[in-house]
Amino acid sequence: MTRAEERQLNYSTILNASIDCFLVEGIDKTSVNDISLRSGLTQMSIYRYFGNKQAIAVAVANQLLQKYLVEHRQRCDQAKVDRETGFDEFSRIVRAYIDTFEAHPEYIRFLQEMTAYSQREELSDQLDYMHFALLDSPLNKPANEALKRGLTDGSVRQGIDVERVSQTLTNLLTGGVNYRILIDESTQIDILRHTAEMIIYYIKAN
Numbered sequence: 000m001t002r003a004e005e006r007q008l009n010y011s012t013i014l015n016a017s018i019d020c021f022l023v024e025g026i027d028k029t030s031v032n033d034i035s036l037r038s039g040l041t042q043m044s045i046y047r048y049f050g051n052k053q054a055i056a057v058a059v060a061n062q063l064l065q066k067y068l069v070e071h072r073q074r075c076d077q078a079k080v081d082r083e084t085g086f087d088e089f090s091r092i093v094r095a096y097i098d099t100f101e102a103h104p105e106y107i108r109f110l111q112e113m114t115a116y117s118q119r120e121e122l123s124d125q126l127d128y129m130h131f132a133l134l135d136s137p138l139n140k141p142a143n144e145a146l147k148r149g150l151t152d153g154s155v156r157q158g159i160d161v162e163r164v165s166q167t168l169t170n171l172l173t174g175g176v177n178y179r180i181l182i183d184e185s186t187q188i189d190i191l192r193h194t195a196e197m198i199i200y201y202i203k204a205n
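Heads up: the sequence shown begins at 0 in numbering that gives the first Met the number 0, then just goes up one per residue.
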């Protein structure tokens, strides 16, 4: 194994150990020593690769975002049917979002904690999901393009404010995370699904 390969292996080992710790124990309750024990590497090695715990949390958040988006795209592709209208595509994308949320409650809990942690530690500018313009975000762009196609093919009713619908969808899927402070996960998913169906019904052409 070359030195470069060894460094990459150690980096991945630390990152995966950190993901395990953060998802199970939370960010604040996880120490660098916990990550060291989980990874089998010394604390000094961990600091050499990441510098501090804040940098580890940022790397974990960005890594999980990519894994989440890949899984979401796979769900969308699996549900695709021939001759879809723009409305059909929008509905499929929105429902796939909810399915992915439901499949990973531990990830949603991490996002909720990471939002507060990043504000407290002033890390927001280092998080990938904070840098997307509303309609260009990986969360919104596919749904927004489907809406526009639906307006063209007539499956989405005319006169809707595409940007407002996209903002509402974003608020539902990201702001909905915070419902978990007040209600259980099952009720949260029911609320997300019900509200998503209301959005879908609202945009459908008569």
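Note that beta-carbon positions come from the ideal geometry of N, C-alpha and C, so glycine has one too.
- The alpha-carbon separation between Asn205 and Gln157 amounts to approximately 10 Å.
- Beta-bridge analysis with DSSP links Lys203 to Val155.
- Of the other Cβ atoms in all chains shown, 16 or more fall within 10 Å of the Cβ of Lys52; this residue is therefore buried.
- With a cut-off of 8 Å on Cβ pairs, the region 65-82 is in contact with the region 91-101, counting three or more such pairs.
- Judged by DSSP secondary structure, Ser117 falls within the alpha helix (DSSP H) whose first and last residues are 104-119.
- Short of 7 Å from the beta carbon of Thr29, and not among the five residues preceding or following it, lie these beta carbons of its own chain, in chain order: Cys20, Phe21.
- The Cβ neighbour count for Arg91, taken over all protein chains shown within 10 Å, is at least 16; the residue is labelled buried.
- With distances taken between CA atoms, Ser154 lies nearest to Phe86 out of Pro141, Phe86, Arg47, Gln111.
- The alpha-carbon separation between Arg94 and Ala54 amounts to approximately 33 Å.
- Bounds of the alpha helix (DSSP H) holding Asp33 are 31-38.
- Taking the CA atoms as reference points, Leu126 sits about 33 Å from Tyr200.
- A direct Cα-to-Cα measurement between Tyr10 and Val59 gives close to 12 Å.
- The alpha carbon of Arg148 has as its nearest neighbour, out of Glu24, Asp27, Pro104, Glu88, the alpha carbon of Glu88.
- In chain order, Gln53, Ala56, Val57, Tyr116 place their CB closer than 8 Å to the CB of Leu122, counting only its own chain and leaving out the 5 sequence neighbours on each side.
- Taking 8 Å as the cut-off, the beta carbon of Ile34 is found no closer than this to the beta carbon of Met113.
- In chain order, Ile13, Val31, Ile34, Ser35, Ser38, Ile55 place their CB closer than 8 Å to the CB of Ile45, counting only its own chain and leaving out the 5 sequence neighbours on each side.
- For Met0, the three-state secondary structure derived from DSSP is coil.
- Closest by C-alpha distance to Glu144, out of Ile18, Val23, Thr84, is Thr84.
- Residue environment: Val164 is assigned as buried (16 or more neighbouring CB atoms within 10 Å of its CB, all protein chains considered).
- Taking a C-beta distance under 8 Å as the contact criterion, Thr194 and Leu171 qualify as a contact pair.
- A distance below 6 Å between beta-carbons, with the five flanking residues on each side excluded, links Glu120 to the following residues of its chain, in chain order: Gln53.
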